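Number of protein chains: 2
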Amino acid sequence: MVDDAAITALRALLGDRLSTGASDLALHGRSEGVFQDMPPDAVAYPCATGEVAAILRICAEHGVPVVGWGAGTSLEGHALAPRGGVTVDFSRMDRVLRVAQEDMYAVVQPGVTREALNTELRATGLFFPVDPGANASLGGMASTRASGTTAVRYGTMRANVLALEVVLADGRVIRTGSAAPKSSTGYDLTALFVGAEGTLGLITELTLRLQGQPEAISAATCAFPDMAAAVAAVTATIQSGIPMARIEFLDAAFAAIFNRQSNASLPEAPHLMVEFHGSARGVAEQAEAFGEIVAEAGGSDFRWALRAEDRAALWKMRHNAYYTARALYPGTDPLTTDVCVPISCLAQAVEETAAEIAASGIPGPILGHVGDGNFHALLMPRKGDRDDWARAKALAAAMAERALRLGGTVSGEHGIGMGKTGYMQAEHGAGWAVMSQVKRALDPNGILNPGKLLSGD
Amino acid sequence: MVDDAAITALRALLGDRLSTGASDLALHGRSEGVFQDMPPDAVAYPCATGEVAAILRICAEHGVPVVGWGAGTSLEGHALAPRGGVTVDFSRMDRVLRVAQEDMYAVVQPGVTREALNTELRATGLFFPVDPGANASLGGMASTRASGTTAVRYGTMRANVLALEVVLADGRVIRTGSAAPKSSTGYDLTALFVGAEGTLGLITELTLRLQGQPEAISAATCAFPDMAAAVAAVTATIQSGIPMARIEFLDAAFAAIFNRQSNASLPEAPHLMVEFHGSARGVAEQAEAFGEIVAEAGGSDFRWALRAEDRAALWKMRHNAYYTARALYPGTDPLTTDVCVPISCLAQAVEETAAEIAASGIPGPILGHVGDGNFHALLMPRKGDRDDWARAKALAAAMAERALRLGGTVSGEHGIGMGKTGYMQAEHGAGWAVMSQVKRALDPNGILNPGKLLSGD
Numbered sequence: 001m002v003d004d005a006a007i008t009a010l011r012a013l014l015g016d017r018l019s020t021g022a023s024d025l026a027l028h029g030r031s032e033g034v035f036q037d038m039p040p041d042a043v044a045y046p047c048a049t050g051e052v053a054a055i056l057r058i059c060a061e062h063g064v065p066v067v068g069w070g071a072g073t074s075l076e077g078h079a080l081a082p083r084g085g086v087t088v089d090f091s092r093m094d095r096v097l098r099v100a101q102e103d104m105y106a107v108v109q110p111g112v113t114r115e116a117l118n119t120e121l122r123a124t125g126l127f128f129p130v131d132p133g134a135n136a137s138l139g140g141m142a143s144t145r146a147s148g149t150t151a152v153r154y155g156t157m158r159a160n161v162l163a164l165e166v167v168l169a170d171g172r173v174i175r176t177g178s179a180a181p182k183s184s185t186g187y188d189l190t191a192l193f194v195g196a197e198g199t200l201g202l203i204t205e206l207t208l209r210l211q212g213q214p215e216a217i218s219a220a221t222c223a224f225p226d227m228a229a230a231v232a233a234v235t236a237t238i239q240s241g242i243p244m245a246r247i248e249f250l251d252a253a254f255a256a257i258f259n260r261q262s263n264a265s266l267p268e269a270p271h272l273m274v275e276f277h278g279s280a281r282g283v284a285e286q287a288e289a290f291g292e293i294v295a296e297a298g299g300s301d302f303r304w305a306l307r308a309e310d311r312a313a314l315w316k317m318r319h320n321a322y323y324t325a326r327a328l329y330p331g332t333d334p335l336t337t338d339v340c341v342p343i344s345c346l347a348q349a350v351e352e353t354a355a356e357i358a359a360s361g362i363p364g365p366i367l368g369h370v371g372d373g374n375f376h377a378l379l380m381p382r383k384g385d386r387d388d389w390a391r392a393k394a395l396a397a398a399m400a401e402r403a404l405r406l407g408g409t410v411s412g413e414h415g416i417g418m419g420k421t422g423y424m425q426a427e428h429g430a431g432w433a434v435m436s437q438v439k440r441a442l443d444p445n446g447i448l449n450p451g452k453l454l455s456g457d
Numbered sequence: 001m002v003d004d005a006a007i008t009a010l011r012a013l014l015g016d017r018l019s020t021g022a023s024d025l026a027l028h029g030r031s032e033g034v035f036q037d038m039p040p041d042a043v044a045y046p047c048a049t050g051e052v053a054a055i056l057r058i059c060a061e062h063g064v065p066v067v068g069w070g071a072g073t074s075l076e077g078h079a080l081a082p083r084g085g086v087t088v089d090f091s092r093m094d095r096v097l098r099v100a101q102e103d104m105y106a107v108v109q110p111g112v113t114r115e116a117l118n119t120e121l122r123a124t125g126l127f128f129p130v131d132p133g134a135n136a137s138l139g140g141m142a143s144t145r146a147s148g149t150t151a152v153r154y155g156t157m158r159a160n161v162l163a164l165e166v167v168l169a170d171g172r173v174i175r176t177g178s179a180a181p182k183s184s185t186g187y188d189l190t191a192l193f194v195g196a197e198g199t200l201g202l203i204t205e206l207t208l209r210l211q212g213q214p215e216a217i218s219a220a221t222c223a224f225p226d227m228a229a230a231v232a233a234v235t236a237t238i239q240s241g242i243p244m245a246r247i248e249f250l251d252a253a254f255a256a257i258f259n260r261q262s263n264a265s266l267p268e269a270p271h272l273m274v275e276f277h278g279s280a281r282g283v284a285e286q287a288e289a290f291g292e293i294v295a296e297a298g299g300s301d302f303r304w305a306l307r308a309e310d311r312a313a314l315w316k317m318r319h320n321a322y323y324t325a326r327a328l329y330p331g332t333d334p335l336t337t338d339v340c341v342p343i344s345c346l347a348q349a350v351e352e353t354a355a356e357i358a359a360s361g362i363p364g365p366i367l368g369h370v371g372d373g374n375f376h377a378l379l380m381p382r383k384g385d386r387d388d389w390a391r392a393k394a395l396a397a398a399m400a401e402r403a404l405r406l407g408g409t410v411s412g413e414h415g416i417g418m419g420k421t422g423y424m425q426a427e428h429g430a431g432w433a434v435m436s437q438v439k440r441a442l443d444p445n446g447i448l449n450p451g452k453l454l455s456g457d
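In order, the protein sequence lines correspond to chains D and P. Going by the UniProt record's numbering, the first residue of the first sequence is number 1, and it counts up by one from there. Going by the UniProt record's numbering, the first residue of the second sequence is number 1, and it counts up by one from there.
Listed below in structure tokens is the structure:
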């Protein structure tokens, strides 16, 4: 519990932008993942970096846990408050501060969502490419090193955050990086905070790399006789060096889900959904090269989405896959997995996963950002059925262990949060303890997002 | 001085692979930069990670400084031993351990040079793109976050190191990253060690991202009436999104140097040297688009190097620029600068620099990786002339201060080492102290490369 003196000090600072109302606490104690509710003791709504620094100083003085909150779209419980404390909700720090068109970057506050930024950029000819599906906040995306459908071409948040402003556990405000395209002046603190899940500091400003809107875009879906053929086409496409902007896999179950959701009339077979960016000639050349690989792999039913609205519908359908699947399996409690393997092992990883899911009797459609070797299964145990739940957990564990065995990682993009700390020792060995050493150096009292990512803090 | 017990223990470990011979110490006490010689007390030549760990354990026990040594090509004194101690020379850890062709990565020991790796890759259709000019060791390139001519297309070492094996100050061996293309499992320790200049650990193995050899390559030089026109062409090219593989600037003085060096018969005017990678059609399209920009900017004398041997000669000339310039200004002691600014400020930064150099009376040809906003001046004060030296230092300081004023960084690629710690507070503010906190957490006794990058350690 947070002591009264801390609440009094925070209220003096924030007035009615400190909330202890039951509904607000409940809202900030929920997640989209499989975790029980863990509400904070208070929710703070700062408007500026100086307020975040003051909140941190008060919380440091009173030993109060501090949890950052963006859009609440994490699947691994990143923004839950297992030890109570203060949740810092960045929804009032949602301004695009600057768009540097010539230098192709934007400076934003952490509460700006990726869709809001792209709406703001519409007239500039630029866009922010990282697209995890959910309309996440950019502060949250940086904190979890998010990626999604376009990382195969434009990289993850790791590649697209140029600089940060961060408030540390003791209230110090630092700036990392610069607006220059590269630098070799000391430790890469930007990269240290990207993916730190709010355990080392709270991000209060981001400088993000932008991309020029491509002159031409085309997108398509194509069906394959089986999963092996689809994955073989992915591997061949990546190895051939075609600069895919998106290359997404979905299995037959997801094709059926899309048909139910959007009357997409897809053949109920494994599919790839792809997008090409470039000059008009370049896009045509890429599509031709990809078409040859698809034909070679036995793919068919090539459907082009040439108009912008058709492409938007296509990717909206893809982005809603998670929510649609949940709705189509009523009475279940989804467990969403996330693994990433070297591309040469993708076929083995996906096929073994599919076989295990089929044998388990639990619905578990598979989809993924396969150009990166990253895929998910949406495991659907029946709500309250302990046996189902145990089997779903065992399936997820088998996927994670297989990913490690194949030289991959237990999370390509969802992060660790509360859900995957159990795999950290297996993935990082002695490196996990090094993370704790860095954590203790910057947050000796462990007030920043306790119970996440690290061991026993 | 290193105590005898430490030397005895190291000799028991390494036998005649521990050298205390005068010539060996002298060789490892020199740098290519402007620093006085600072030899270590001993040089160790480990053959394996286990030996590096044992060296670190001995040095930790006896409080002996440890300095990593790759190819000795640093310009900022990274591998000097200002407090003596043991220099760990990685020349015997120079094996390419694995080339994963399908997954497009290579696992190498730190003593492999970039040219040696590319020779090894020749038959695979793959190459390692990062090219700082010098034939540096890959361990050194990772440690200084090197970049060079191709970073505009393929990124710096930051983007091209997938995973590392690192020996920490206490001898622990950790592995960071994985062979998967991306991951979001905890702190990005790979990025923390890349650019840490050997102050946090010694890199003993690197997993490097490889690229497919482009189907077509073409390269060209073109001349411009003045510096402003050349830089305007660069800015327009980058902003137009042409995926340049290389875009290098050199001023009229460097064109003259190249003519002396290689009978290049270039007009003695500012030049761009460019290279295009892609499909045959793609390269033609890029070259056409670039040609239009050059014409618009008043460029001329477009000379194509279409054959592989002509391109090799072109880039060899570029890579030898530093050494040639030194040879052409006998009796001088070069001070090589390195700054990087947002591309929109490049023209201002280069022109103000050129004007200041002209006013100083000191020769200072300018060249740079301008697609990244990164450029160098090779300042040539007369050897032993204190007044010249003071003016050269003042010019370099003005360049660094201007870069910071324009939102850039005091080093795009050379790093901090011993040469640029004086600018760290100005560039990073409170962030520099955070670097020291991380340093103390991982190397509490400060034995790893003391006197570099950090403040007063």
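Heads up, the beta-carbon is just placed ideally off N, CA and C, and yes, glycines get one too. Keep in mind it's a predicted model, so treat the numbers as computed, not measured.
Here Arg209 (chain D) carries a strand assignment [DSSP, helix/strand/coil]. Our two residues, Arg281 (chain D) and Ala289 (chain P), have alpha carbons roughly 13 Å apart in a direct line. By the criterion of a C-beta distance shorter than 8 Å, Ala26 (chain D) is surrounded in its chain by Asp37 and Pro39, once the five residues flanking it on both sides are discounted.
In this structure, the straight-line span from the alpha carbon of Val108 (chain D) to that of Asp24 (chain P) is close to 53 Å. If you look at Cys47 (chain D), you'll find it isn't in any beta strand (DSSP E); DSSP assigns it neither H nor E.
The C-alpha of Gln101 (chain P) is placed about 45 Å away from the C-alpha of Ala397 (chain P).
The beta carbon of Arg260 (chain D) sits no closer than 8 Å to any beta carbon of chain P.
Listed along the chain, the chain P residues whose CB falls inside 7 Å of the CB of Gly373 (chain D) are Ala180 and Pro181.
Looking at D:Ala264, D:Phe193 and D:Leu202, the one whose alpha-carbon comes closest to that of Asp170 (chain D) is D:Leu202. Residue-level contact check: Met424 (chain P) touches chain D, since one or more beta carbons of chain D fall below 8 Å from its beta carbon. Close CB contacts of Ala392 (chain D) within its chain, under the 7 Å cut and outside five residues either way in sequence, are with Leu335, Ile362, Leu379 and Pro381 (chain order).
Just measuring C-alpha positions, the residue of D:Val339, D:Ile447, D:Leu404 and D:Arg386 sitting nearest Gly412 (chain D) is D:Val339.
In the DSSP assignment, Glu76 (chain D) falls outside any alpha helix (DSSP H) and carries neither an H nor an E. Contact between the region 181-201 of chain P and the region 430-449 of chain P is present: three or more C-beta pairs spanning the two stretches fall below 8 Å. Cβ contact annotation for Gly407 (chain P) (same chain, cutoff 8 Å, sequence separation greater than five): Val341, Pro342 and Cys345, in chain order.
Per the Cβ contact rule, the region 179-196 of chain P is not in contact with the region 236-256 of chain P (fewer than 3 Cβ pairs under 8 Å). The DSSP assignment places 300-305 as complete runs of the beta strand (DSSP E) inside the region 281-342 of chain D, in order along the chain (cut-off: 3 residues). Close to Gly282 (chain P), with beta-carbon spacing below 9 Å, are these residues of chain D in chain order: Gly278, Ser279, Arg281, Gly282 and Glu285.
In the same chain as Val173 (chain P), and ignoring 5 residues on each side of it, the C-beta atoms closer than 7 Å to its own belong to Thr49, Ala53, Glu165 and Val167, in chain order. Counting only the Cα atoms, Ala297 (chain D) lies some 16 Å from Ala220 (chain D).
In this structure the region 224-231 of chain D lies against the region 270-285 of chain D, because at least three pairs of beta carbons, one per stretch, are closer than 8 Å. Taking the C-beta atoms as reference points, Ile242 (chain D) is found nearer than 8 Å to Gln286 (chain D). Listed in chain order, the positions of the region 343-367 of chain P with a beta carbon within less than 7 Å of a beta carbon of chain D are Ile343 and Ser344.
If you draw a straight line from the Cα of Ala377 (chain D) to the Cα of Gly419 (chain D), it is about 15 Å long.
Only residues of its own chain outside the window of five on either side were considered, and among them Tyr45 have a CB closer than 6 Å to the CB of Arg17 (chain P), listed in chain order.
For chain P, the residues of the region 149-181 of chain D that bring a beta carbon within less than 9 Å of one of its beta carbons are Ala151, Val152, Gly155, Thr156, Met157, Arg158, Ala159, Val166, Leu168, Arg172, Val173, Ile174, Arg175, Thr176, Gly177, Ser178, Ala179, Ala180 and Pro181, in chain order. At a cut-off of 3 residues, the continuous stretches assigned as beta strand (DSSP E) that sit fully inside the region 141-174 of chain P are 161-167.
For Ser147 (chain P), the chain D residues whose C-beta falls within less than 9 Å of its own C-beta are Lys182 and Ser184, listed in chain order. Counting along the chain, Phe249 (chain P) sits inside no alpha helix (DSSP H); it lies in the beta strand (DSSP E) bounded by residues Arg246 to Leu250.
Annotated three-state conformation of Gly15 (chain D) is helix, per DSSP.
Leu206 (chain P) and Arg122 (chain D) have their C-alpha atoms roughly 41 Å apart. In this structure, DSSP gives Arg122 (chain P) a helical state, which the three-state scheme calls helix. In summary, Ala12 (chain P) is exposed, with fewer than 16 beta-carbon neighbours lying within 10 Å of its beta-carbon over all protein chains present.
In the same chain as Pro65 (chain P), and ignoring 5 residues on each side of it, the C-beta atoms closer than 6 Å to its own belong to Arg83, Gly85, Ile447 and Pro450, in chain order. Contact between Asn118 (chain D) and Phe128 (chain D) holds: CB atoms are separated by about 6 Å, below the 8 Å threshold. Boundaries of the beta strand (DSSP E) harbouring Ser218 (chain P): Ala216 to Ala223, taken from the DSSP string.
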